[in-house]
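Below is one structure, written out as structure tokens; comments come after it.
Numbering (my numbering), first residue to last: 208 to 488.
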């Protein structure tokens with residue numbers, strides 16, 4: 208049987224116990240999300256990015272940021288890989304490869320590192336410099352401290368001697384999907400576990416943000432105790448093999464919104480207080 212681009216059928220033998228363990232984990236994640244959704248005051252709210260920025264009181268800083276920084280992201284965007292019909296194109300001249308989650312996470316990590324390096328320089332434009340120097344860490348293959356959570360990428364509070372659940376500012380999670388709705392409840396349940404683990408260690412947190420890259424589309428998920436928000440940011444990948452202005456503009460807009468939120472200090476990103484350490488921002 209020939210494999211379709213999104214066919215996840217194993218090409219080699221897989222231990223049935225491994226499959227059963229994954230299914231058990233998926234069911235647990237689904238139940239975790241359902242329990243969370245049942246306990247919040249209102250259903251999921253889809254929110255426009257501008258509305259979210261206004262809710263945080265950052266409308267004026269965002270307008271100034273756009274005026275001075277929007278054009279800068281075209282350079283990053285031009286380096287974006289393409290995902291077309293389930294195939295991954297690292298560059299316009301590279302051979303297509305079957306899409307994998309590793310490729311998606313790799314590009315996410317690469318572009319984050321590029322932006323951190325570029326905007327962390329003293330000569331970078333004032334409006335793009337991060338308010339604080341976060342600690343960035345890849346946790347694809349290693350859980351956070353001794354916890355059970357293993358986000359793909361984590362930003363830790365600055366000026367800390369530890370990198371534990373107590374020190375997490377925000378997280379990134381990426382999934383390889385054939386459609387936006389595939390396994391959505393399972394994925395959300397996994398991220399609910401992240402939020403619950405952080406609330407346990409940071410009891411005064413107002414909400415927990417997770418940037419979720421669902422194949423090509425980036426969303427900002429906000430887990431609050433009485434509400435769940437989803438803010439669609441846009442695509443992080445080209446839709447054409449060859450670089451086109453429309454793709455560069457779309458990816459650039461997504462990166463522009465993404466960096467604006469990443470560069471904010473914790474207290475401006477909606478945290479109330481962190482009583483687990485002496486540091487205040």
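The beta carbon of each residue, even a glycine, is placed where N, CA and C say it ideally should be.
In terms of Cα proximity to residue 365, the closest of 346, 381, 453, 338 is 338.
From the listed residues 304, 422, 433, the smallest Cα separation to residue 414 is found for 433. Per DSSP, reduced to three states, the secondary structure at residue 397 is helical.
Excluding sequence positions up to five before and after residue 259, its CB lies within less than 6 Å of the CB of 438, all in the same chain and listed in chain order.
If you compare the alpha carbons of 301, 308, 322 with that of residue 464, the shortest gap goes to 322. DSSP places residue 270 in the helix class (H, G or I) of the three-state scheme.
Looking only at 263, 428, 266, the smallest Cα-Cα distance to residue 402 is reached by 428. Here DSSP, grouped into helix, strand and coil, assigns residue 377 to strand.
In this model, residue 290 and residue 380 are separated by some 18 Å (Cα to Cα).
In the DSSP assignment, residue 281 falls within the unbroken alpha helix (DSSP H) covering 280-284. For the options 452, 336, 360, the alpha carbon positioned closest to that of residue 420 is the one of 360.
Close CB contacts of residue 284 within its chain, under the 7 Å cut and outside five residues either way in sequence, are with 455, 458, 459, 462 (chain order). When the Cα atoms are used, residue 475 and residue 333 turn out to be separated by approximately 17 Å. For residue 428, the three-state secondary structure derived from DSSP is strand. Rounded to whole angstroms, the gap between the alpha carbons of residue 346 and residue 293 is 25 Å. Every alpha helix (DSSP H) stretch that sits fully inside the region 401-479 and reaches 4 residues is listed by chain position as 452-469. In the DSSP annotation of this structure, the continuous segment of the beta strand (DSSP E) that includes residue 344 starts and ends at 342-345. Residue range 289-291 is occupied by the beta strand (DSSP E) that includes residue 291. Around residue 423, the same chain offers 290, 442, 444 as residues with beta carbons nearer than 6 Å, after the five sequence neighbours per side are excluded.
For residue 382, same chain residues with a beta-carbon under 8 Å away, outside a window of 5 residues either side, are 308, 311, 390, 394, 419, 420, 421, 422 in chain order. Going by DSSP, residue 265 is part of no beta strand (DSSP E) at all; its letter is neither H nor E. Residue 405 is a Cβ neighbour of residue 372, given a cutoff of 8 Å. The Cβ atoms of residue 341 and residue 319 do not sit closer than 8 Å to each other. Spatial neighbours of residue 471 in its own chain (CB-CB distance under 7 Å, excluding positions within 5 residues in sequence) are listed in chain order as 338. In this structure, the straight-line span from the alpha carbon of residue 368 to that of residue 408 is close to 16 Å.
About 16 Å separates the beta carbons of residue 280 and residue 288, which is beyond the 8 Å limit, so they are not a contact pair. Here residue 374 is buried. Its C-beta has 16 or more other C-beta atoms within 10 Å.
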